[in-house]
């Protein structure tokens, strides 16, 4: 069984994979024939594949997100590796494989991530702030167990959103120790709430974003989270005009830093400035780490990364 | 009694005015002496003024927003007209003057503006939308009677905010007739709600913005209005996830059109596109009208207008 | 006979259409074969189509803008509907169809649009202004009967340019009533002249832009219209340095508002500010209306609209 | 007699100067006294000066642009050299000084500049182009004898506009020799016409820009020159749609290169690209040369230059 | 003895301060008199002050950076606190005060900062990298003991540059632990070298930037540090084309992230991305901390901070 | 034998060409077949070509940069001319053709270009400057004999880099004569050094850029050239802090003018301003000239040129 990121040109192979994408297309020939344009995935990455001469039965058998056993050959096409599938069948119970083995996941178990988030939540000393954060986390706890943080940008994997939160909490804890004038409650609450409405902005399955919801497009997760805080305060009987409520909303609203990046107000509290940079540093370094992980080790350069001024990242020689 | 916009160089005059600004300053001489740096206002405009040799009594007598009787002389200083005050006393009851005679106001009575707004509100056919708009208007009805729409940008006068709403409603009604595919309820609701949270973003007195509130700076009127809609829906038992609530919030959130102008999302509904242009057209034309009104008719050009790419406006000769 | 915007996947159909585009291409097979890559159009919209195995005779028979009778099947290809043509012949007299039935048109007859434009022109009270506008309209009256207002951006249909003018004139009339300080002659003249030189900037046929002329690319319709005003004044013996001539040129030159949008000067007259927003509002709302009209009613979202920050427009549920 | 750029701190001096600016101001003292805020100029530069205790007679005697004999002392005020005038009288015939000795001028005589421009004009081989250029030059020949090229930006001195033209013609001649594919007629015509309408965009006296005309603000010299070419063609019976006329207008319209720099179209001919860079190089290098000339030689750095990204220019040590 | 940040309106006080700035100016009176325009400083902040009627002796006695004993009164002038000095004398030995008590300093002793930097330097495992970093640190060790990191932007205090380095090293160490794929040697070296050439870009005294050097303006500290690495490699016989040298130069060159922020190349290594964000986070949070520290605790808002989108920072109420 | 820029639709032809690019691809048919996707080149231009049914032998015979004899037919595909190759063989000695006949070259012999560069170098009067320039030229003399100046932007042909230098030197000589205050040594040195590190930023063969080097991507030619000057000074024992060294580095670092164009500092010397415009003018005019040369003379417009605001260039009719 061969991992996708180990395949090289002309490798013949057999293995289990997930059909991350599957589209029926037609050749340009006369008459045109149906074929499958596929993206094969496993935990190590993904690869474009073709399955020529898809029969009527095939078209009723295979669908996106199916687990399949594939026999094929890897070859280079337009400078990129691609797979030509010669045989394919759906996985059966006897194969003893589980879908979670085939998707990219956070390196920490979702339950552990949720545990950390809840523990942090409990450690918020201000009772009203804790109540508001708890209201929001409880609302979407199920989704926090598996949602990615974004479509492609960063943390685009199973439980990527809560992994992003937890890593930010680590960084936040360090910064609060280094600069004790920061209000630690506000930093913790801001980190947990800043992207929490992505759970309703997007729909996701197995760590893959399916689409943006109508609400997500029309309001965006930043304004949605601000509305959630309003809702939490009302439902839990907290004064809407209290400084806490306003400051929590400010943290969420300003965390993209600039208007052209989606924030209607700019950071105007020490903790809001900190939140923006904690978020940016974690997201950007994760993009770099993901790109290096999913680029074959024989390559000096990763592909261009849109979130990094569309630059590729250079991988130093090991001996350095 | 001379209106401010009629004064010219070397005019000696007596009249009643409001002290729009008053600051105690000191001359550079030795020893330095106290004087008042003043902005005199009346319904026709405002003018910078000096009151030299302010005595200790004077300093305890005169304060901003006082009505005063002034004797002085107008003279040109650094190419701008200025007043040197020779005598000044506070207005007494016998003078028979009222503060509302001294401030710039909307050309329609506040009560009439409120009447139009409420009538429009009642004409919204969708019951839940009407309920939400009514909740928000009721919340700040007092302030709508007198707040300006902005500090200096546009409609910076008594009842300027509700005047802006009413003029936009007129334009909105026209557009809905011209393009019947537009949802008129949504246009009406969007116009009434788009700037309504300015009443808590700012504090204003007599049509003059005093300052931005903490909440106003940290959240901004756009996000505040979105939160108010959330609050209205909860308090009035309307489904927070209904399309109406989301669309109303989208109208408000997107009405500045671009991220760099303060909108966290861009217009993505026909009515939101219309709202943005109705708002822009009314605001920009009012800036032009205000500038022409407060510039002496003998001047060909108004001062530079920040909201119009910092351009001055040319006044055509009458015979044209 | 099936309208294009009613076709759905796997529909077999026969009908009359216009060949909006037709290009001879070759398959990648060995040996490659010729086929037609076609855009079929009718009054309801347009659709991509293929006609495989085009013979030598076919290549001498079919050309762009031909009316044809087509038998084919609609199918989904790469998530977009496409037509595979099985039979195609040119329309004959007996078919009794006329080309004007197959193109998108303004919802008002061109003659009526021209009537409105001329009536408005006659209502301009200043004689010299009226003379200049009349000179320009007369120059290109034929083209005003059918030119679109743009290639794809907005009003891209038969008589779209004069329809845009007429709708703007309606809006202009409203604004002049709402703000009587505006010079109505200048507003009328500005609306009629602002895009009039598009008739020489572009060449168009049946409401479809064919290409930009050399003059159009090197000068642009804004500067061309300014030159036309100069020409009109000279030919009609009007003083080139009179305020009227200069103001009319200013209206035209500034109507794109900013240098990066093509205006060499920014609006510096009340009427020029109004013209810019009247133009913008009409163009943007027409984009929205066109997009909603040509998107199947079953779709929640229109395609992305380049002129609206590349956003798609959401169509509310009917019950709202 | 001391040149302005030779004065240093605490120099007492007597000399003849021009009053480039004179404004009556009042001291802050009680009672305030009148004084003159003056800019003294001579051919070497200019300096701020004060004349305290201006009498009523003084106020009726001295006006801007007067030549005066001054006795004063130079002193440093807020890090800048300034003059305190102790005595001042108007120049009389006996003094034998002429105003042209006191203003910055092009280093070549205006008559010689005009001679070069006319000779170049005559050397344009295409008769119609030559006719158009001649029409425009003849129209404003008087002003070309003395107008500056800009208010402060570059060539802001007597006959600066024609000097700029002549220097560009030299550079244009070199480029045409280096790249023979360029049309020399078009380069010559473009250089002479590109800024020629500045003569009506501005009013200037003695090489100093007084103000922008209404026409200049509303149309700008770029569009004005385009209109002049239209006028020239009509008056001289040249076909308005001929390629020559269009290309000449394109040269003028595109010479600022980008929309945000005022050009409604971008260069789309080889000669238009050349014209833009010939203009830019001459203007920028003149800014540098002017800044170095008018900065005392003891200074390492010139003041900041707005037209050069607001950078100061470093003057290398001589021995280099 | 009163600390500057404790003074309030109308306080009469006596104390020791440093003359951070002192300029001789003249009053506008007749005749004008000399006075000192002063900036008084101590370890808690700084304040504008006037010393009226400066005698000839005074002008030969007091100079910037002198320690003085001052008797004065604080008063509010144009909404800002200012001091009027009634008596002033230079500090004598008997006063027993030392200049280092009067300037803002890093909260860690310079010697300790240097110790940390050197220890970190020693811990770089790659010998050649260590050699290069050591060469650069040794070159400017003296200045690292006291230079600020910037003129006003951030860390503008005694030993601010090395304090910035040390805080970044702490953050770098955390990030390397959190993301072990990062090359720790490169992070350490990048942090120490990124701003090291500021020691030759600027001249500074007592933690205050005096001016930019010619070299600093013409090359900038980013390119200078790149040149230093070249120099270090040559002097220490390290291969100029080795990956280490190139990577170190890349770290330094790219650390401002974007071209418009001064970096000729954008980060293209994981460590370079990390360095940029470590630098940004430390600089921005220090700006916030400095602004809050030097703003009286009674103020809700700090002044506007240029480096934070020109926003003011809000200080939460304590009870939160 | 037919030159590429003379081919038109349906021409059958035989000739010698170079395989500028050759990639093995597969048809979409079943089973897919191998074919060559080729770019054929000669001294007149280049053209896309297909060689269908590439055999196993073919795949071991033909490689990029081979000279071949081709028999084929030109045909229009998607509005662009393309070649279908029917026969192809490698060139043999008997064919008597040389690779240099098949590539675009500077119109001057490389040896002559180098001669001019060296002569100019010798004419630099300052000994140390001359030494530094000589060190850099000597370092890469081989590459200067054949490198292009860029990948596609401008001077993308054999010896394009040294041709660019020589043309700039001509222009520089003219400017120094026109403005004698410029330091001619610095202009000469700046021109020779400004792009010299492109020889290590890129790898090129036969005038075609193969790729950017790791060093080229991580440092860029601007910073690399600055480092070379440092190296030259050290190796030749010239004071690194001398004004000459700093000024030479400034010339190189600032020649792209703005940060967003890659310069870490902006021009701050007269000669640096001149260098930027000399470079820009030569590069832009060469782009225009190249585009006109390689566009068939029957075409009015060149393709869009990325370096010229993505505009096409219009070719005037000859008779003009």
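Protein chains in written order, with this note's numbering: chain A, 24 to 343; chain B, 24 to 343; chain C, 24 to 343; chain D, 24 to 343; chain E, 24 to 343; chain F, 24 to 343. We treat Cβ as the ideally placed atom computed from N, Cα and C, and that holds for glycine.
Query, Result
"Under a three-way DSSP split, which group does residue 132 of chain F fall into?", "coil"
"Using a 10 Å radius around the Cβ and a threshold of 16 neighbouring Cβ atoms, would you call residue 248 of chain A buried or exposed?", "buried"
"Please state if the CB of residue 79 of chain E and the CB of residue 108 of chain E are separated by a distance shorter than 8 Å.", "no"
"Is residue 209 of chain B helix, strand or coil by DSSP?", "helix"
"Relative to the alpha-carbon of residue 62 of chain B, which residue among B/329, B/68, B/44 has its alpha-carbon at the smallest distance?", "B/44"
"Residue 97 of chain F and residue 90 of chain F - do their beta-carbons sit closer together than 8 Å?", "no"
"Taking the beta strand (DSSP E) that residue 62 of chain C falls in, what are its first and last residues?", "57–65"
"Examine the Cβ distances between the region 118–130 of chain D and the region 145–154 of chain D and report whether three or more of them are shorter than 8 Å.", "no"
"Along chain D, which residues have their Cβ under 8 Å away from the Cβ of residue 209 of chain C?", "In chain order: nothing, as chain D lies at least about 12 Å away."
"In the DSSP output, what is residue 226 of chain E paired with across the bridge?", "E/234"
"Report yes if the C-beta distance between residue 58 of chain F and residue 48 of chain F is below 8 Å; otherwise report no.", "yes"
"I want to verify the contact list: residues of chain D whose CB lies under 8 Å from the CB of residue 323 of chain B, in sequence order.", "237"
"Could you tell me the distance, in whole angstroms, from the CA atom of residue 204 of chain C to the CA atom of residue 210 of chain C?", "12 Å"
"If I measure Cβ to Cβ from residue 75 of chain A and keep anything under 7 Å in the same chain, skipping five residues before and after, which residues do I get?", "58"
"Using DSSP with H/G/I as helix, E/B as strand and the rest coil, what is residue 251 of chain D?", "helix"
"Within its chain, find whatever has a CB closer than 6 Å to the CB of residue 268 of chain F; leave out the 5 residues flanking it on each side and keep chain order.", "256"
"Can you list, in chain order, the residues of its chain with a C-beta nearer than 8 Å to that of residue 343 of chain B? Leave out the 5 residues immediately preceding and following it.", "Confidence at residue 343 of chain B is low in this model, with a pLDDT of 42, below 50, so its placement is unreliable and no value can be given for it."
"Any C-beta of chain D sitting closer than 8 Å to the C-beta of residue 343 of chain C?", "At residue 343 of chain C the pLDDT is 42, less than 50, meaning the model places this residue with poor confidence and gives no usable figure here."
"Is there at least one Cβ from chain C nearer than 8 Å to residue 328 of chain F's Cβ?", "no"
"So which of F/261, F/164, F/228 has the shortest CA-CA distance to residue 220 of chain F?", "F/164"
"Looking only at its own chain, which residues have a Cβ that is under 8 Å from the Cβ of residue 185 of chain B, when we skip the five neighbours before and after it?", "129, 133, 136, 137, 140, 167, 168, 170"
"Where does residue 97 of chain D fall in DSSP's three states?", "strand"
"Between the alpha carbons of residue 159 of chain E and residue 261 of chain F, how many angstroms are there, rounded?", "20 Å"
"Tell me which residue opens and which closes the alpha helix (DSSP H) that residue 314 of chain E is part of.", "293–317"
"Please decide whether residue 315 of chain F counts as near chain A, where near means a Cβ-Cβ distance under 8 Å.", "no"
"For residue 106 of chain A versus residue 92 of chain A, is the C-beta distance shorter than 8 Å?", "no"
"Residues of chain B with CB under 8 Å from residue 249 of chain A, in chain order?", "242, 246, 249, 250"
"Using a Cβ-Cβ distance under 8 Å, would residue 108 of chain A count as near chain E?", "no"
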